[in-house]
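These notes concern the structure reproduced below.
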Amino acid sequence: MPSHCAAGLLRTLTVALVLSLVSGCLRSATKDTVDWQERLEPAPATQVKETVKDADAVASPVVIRDLAEAEPESSAWTFLERALDAKDVQAELLFLAAAKRFLQATRYEQAEIILARTQYRNAESWVIDQHKLLTAALALAGENPSAAWRLLADTEDVELDYGQRRLRYDLQFQTLFAQEKHHEALALIGNLSLKDSTPEHTDSLL
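Take the sequence shown: its letters are residues 9 to 214, numbered as in my numbering.
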């Protein structure tokens with residue numbers, strides 16, 4: 009047999025062997041490619057409407073902002089370390105979590121330093137309100153209930169989430185008692201909306 013014929017036959021056998029070995033992979037890859045192409049192609053108008061309808065029916069994912077509550081095992085120093093490596097909103101949330109953790113540990117000097125250096129004037133409303141609430145808690149801890157009350161009065165329930173409303177009510181209650189306004193403090197409990205007056209909430213105030 010001529011050498012060029014032998015080489016051609018060998019090449020043909022090699023190609024056939026390779027094709028037989030990878031045919032399964034090729035079929036899988038082809039199927040995946042088709043699937044992705046189908047996903048990328050514009051859907052019919054009726055399908056688009058159904059998809060939008062289904063998307064509206066699915067609840068939006070919960071955005072966790074109060075990291076101190078979401079991560080009870082994390083220390084203030086852990087939050088600070090992470091904040092130094094984070095940017096923008098995430099850094100703000102981590103600094104606030106560190107300040108809150110310091111307040112919970114009665115480390116008021118460290119909490120004051122963080123809150124004083126992070127004003128958040130151009131931040132989102134939750135961050136600004138959280139800064140006010142934590143600063144009010146710091147003022148109350150420093151036996152300055154009048155300053156705490158002014159900060160609390162500068163927040164509105166409609167702009168706060170559930171956790172912030174609970175904190176605000178708790179701070180208002182403590183501030184009124186610190187100023188010996190006992191009747192107003194008791195009236196505050198009676199004025200809580202039915203929506204927020206859960207047993208857990210009432211216990212936190214008392």
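Glycine residues also receive a C-beta, built at the ideal position from the N, C-alpha and C atoms.
As the structure is a computational prediction, the values presented were derived from the model and not from experiment.
Measure the Cβ-Cβ separation of residue i and residue j and say whether it is below 8 Å.
i: residue 113; j: residue 102; result: no
i: residue 183; j: residue 153; result: yes
i: residue 123; j: residue 146; result: yes
i: residue 137; j: residue 104; result: no
i: residue 179; j: residue 144; result: yes
i: residue 141; j: residue 187; result: no
i: residue 84; j: residue 118; result: yes
i: residue 149; j: residue 116; result: yes
i: residue 109; j: residue 87; result: yes
i: residue 132; j: residue 166; result: no
How is residue i classed by DSSP in three states: helix, strand or coil?
i: residue 150; result: coil
i: residue 83; result: coil
i: residue 192; result: helix
i: residue 166; result: helix
i: residue 46; result: For residue 46, the predicted model reports a pLDDT of 41, less than 50, meaning its position is unreliable; a value from the coordinates is still stated below. Three-state DSSP puts residue 46 in a helix.
i: residue 74; result: coil
i: residue 95; result: coil
i: residue 187; result: coil
Using 10 angstroms around the beta-carbon of residue i, count the other beta-carbons present and answer buried if the total reaches 16, otherwise exposed.
i: residue 92; result: exposed
i: residue 162; result: exposed
i: residue 100; result: buried
i: residue 175; result: buried
i: residue 194; result: exposed
i: residue 78; result: exposed
i: residue 139; result: buried
i: residue 134; result: buried
i: residue 199; result: exposed
Quiz prompt | Residue ranges of each alpha helix (DSSP H) within the segment 97-133, 4 or longer | solution = 116-125
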